[in-house]
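First up is the structure itself, then whatever we jot down about it.
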Amino acid sequence: GVRDAKVVFHMEAAEPSTVAFHNLGITNPVFTRNFMCGLAIIMTAQMLWIVCFYLPFAYYVCAFSYASGDEPDTTGRLIFSLIVVVGNQFMYQVCAHVANSAGYWFTDTCMACYTVLYTATCFINIVVDLGITAVLTYRTMVGFGAHMIDGRPLQKAASEHEVYEEYSIQRALGLQTWQYNFPSTFLIPFVGECLGGIILIRHLMVLLVRAHGEMSTRRSQQALAVFIPMDLGRYADLILNVSLSTMSFCFASGYIVRTFMALAVCHLMVLIYDHYRVLRCVPAFIYSSDLIERCAQAVLGVPC
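Sequential numbering from 16 applies to the sequence shown in our numbering.
Below is the structure:
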């Protein structure tokens, strides 16, 4: 009964606003069950994304002869950018839901979990996408009668390593990585966040206040103020971008310089945007520990 229960107190370095009081009753077995169910949801979402979006588009893209310099047209690139942006946002919502529903007691730990889940999930997606692209490109090149540098037919390659070293395969994978990175991952999500989360909302509020002259001064000020919740999910965005950039070293070298130039320019834009967002749009935020920073540094060690 209650009389025989043992209560143990221990000190936690946390601010009251970072405590998820509604999760304090969740025990370790319940947390483990929630987290494992969340991982199953993430894997199901990944399979759905790959089978329904990546595989059909990769088959279409690999119909082009990369060896002869052909590339998908502008429509194909736009479709691929849309697939990547929507897919990344879909995985963002899934990973955020899993992290929030697992039952963490503190928001710092929840954000650290989200950072790891989102980075790992999107990185696995691009690896699977490149694997599909490699297989389809190989089959396409064999169908075209492509030859290796020594004159042997491509299908006579002695190992996967010889196939990987072929220029047509290298170029296809390099192009696919570049199109995945820019503008789909490096630029569009942040521009969309700025336009949809700040500029569009503020413009709508200006029109609303202008159309209702009976609003008091206080209510007008509240309507024109853009309040954006502050979280540290930006760690996951930037780590993912760096991880994807390092993959350009594995393929045709013609995409390396442009990849890192795009990374530098886009991250500079993100820095300017986040600086404005924190100073002008975020009412307040509190993080009581450097857990997310240490977690992000550990994850960043993988690509670096």
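Glycine included, each C-beta is placed from N, C-alpha and C at the ideal position.
With contacts defined as CB atoms closer than 8 Å, isoleucine 243 and arginine 309 fail to qualify as a contacting pair. Within 10 angstroms of the beta-carbon of proline 204 lie 16 or more other beta-carbons, which makes it buried. In the three-state scheme derived from DSSP, where H, G and I count as helix and E and B as strand, phenylalanine 121 is classed as strand. For glutamine 237, the number of other beta carbons within 10 angstroms of its own is below 16, and it is reported as exposed. Per the Cβ contact rule, the segment 284-299 is not in contact with the segment 103-117 (fewer than 3 Cβ pairs under 8 Å). Annotation for phenylalanine 275: Ser260 place their beta carbon closer than 7 Å to its own, counting only its chain and skipping 5 residues before and after.
In the three-state reduction of the DSSP assignment, proline 204 falls in the helix class. Non-local C-beta neighbours of threonine 130 in its own chain, meaning closer than 8 Å and more than five positions away in sequence, comprise Leu247, Gly248, Tyr250, Ala251, Ile254, Ile307, Cys310, Ala311, Val314, ordered along the chain. Between the segment 161-170 and the segment 225-240 there are fewer than three inter-stretch CB-CB distances shorter than 8 Å, so the stretches are not counted as touching. Bounds of any alpha helix (DSSP H) do not take in glycine 166, whose DSSP letter is neither H nor E. Excluding residues up to 5 positions away in sequence, Gln185, Arg186, Gly189 lie with their Cβ nearer than 6 Å to the Cβ of alanine 267 in the same chain.
By the Cβ neighbour-count rule, aspartate 19 is exposed, with fewer than 16 other Cβ atoms within 10 Å of its own. In this structure, DSSP gives valine 34 an extended state, which the three-state scheme calls strand. Counting the other CB atoms within 10 Å of its CB gives glutamine 61 a total of 16 or more, which places it among the buried residues. Excluding its 5 nearest sequence neighbours in each direction, methionine 220 has C-beta neighbours in its own chain below 7 Å: Ala238, Leu239, listed in chain order. Residue environment analysis places aspartate 305 among the exposed positions, since fewer than 16 neighbouring C-beta atoms fall within 10 angstroms of its C-beta. If you draw a 10 Å sphere on the C-beta of serine 263, you find 16 or more other C-beta atoms in it, and that means buried. One Cα belongs to valine 285, the other to leucine 278, and the distance between them is close to 10 Å.
By the C-beta density criterion, threonine 59 is exposed, having fewer than 16 other C-beta atoms within 10 angstroms. The straight-line gap separating the alpha-carbon atoms of phenylalanine 197 and glutamine 191 is approximately 10 Å.
Taking 8 Å as the cut-off, the beta carbon of threonine 33 is found closer than this to the beta carbon of phenylalanine 121. Contact between proline 298 and valine 257 is ruled out by a C-beta separation of about 30 Å, above the 8 Å threshold. For serine 116, the enclosing alpha helix (DSSP H) covers residues 89-116. Put simply, of Leu210, Tyr195, Tyr119, Leu145 the residue whose alpha carbon is nearest the alpha carbon of glycine 53 is Tyr119. With respect to the C-alpha of methionine 245, the residue from Val206, Arg273, Met126 having the closest C-alpha is Met126. Of the other Cβ atoms in all chains shown, fewer than 16 fall within 10 Å of the Cβ of glycine 158; this residue is therefore exposed.
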